Amino acid sequence: MTPDLISLIAIKSSGVAVGVFIGVLIGLSMRANKGNRSGLFRDSIYATAFLASMGAWAITILLRMIMV
49 MTPDLISLIA IKSSGVAVGV FIGVLIGLSM RANKGNRSGL FRDSIYATAF
99 LASMGAWAIT ILLRMIMV
């Protein structure tokens, strides 16, 4: 597996990260507005959404590397 292929897979998988970030951001915002802020990373909606999106992105890259 060449570095060029890995970077191409990472770029192709970035849509997953954006989608998860937006979805988690909306979901956690609704939850925080109801007063339930427990379970957030550093008590931040944005930090938690970012971590979720980066985790989904990394898993997607690994799965695509295995499937190639």
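The sequence shown begins at 49 in the numbering used here and counts up one residue at a time. Glycine is no exception: its CB is placed at the ideal position from the N, C-alpha and C atoms. Remember, it's a predicted structure, so these values are computed and weren't measured experimentally.
With DSSP as the reference, label residue i as helix, strand or coil.
i	result
L88	coil
S61	coil
M49	coil
G83	coil
V116	coil
Would you grab the beta carbon distance between residue i and residue j for me? Rounded to a whole angstrom, and I think it's under 8 Å.
i	j	result
A65	M102	7 Å
A97	F69	5 Å
F89	A95	5 Å
Can you give me the Cβ contacts of residue i inside the same chain, cut-off strictly under 7 Å, excluding the 5 residues immediately before and after it?
i	result
R85	D91
Starting from the C-beta of residue i, find all residues in its chain whose C-beta is less than 6 Å away, skip the five residues before and the five after it, and write them out in chain order.
i	result
L99	F89
G71	none
Report all residues from its chain with a CB closer than 8 Å to the CB of residue i; omit the five preceding and five following residues, and keep chain order.
i	result
T50	none
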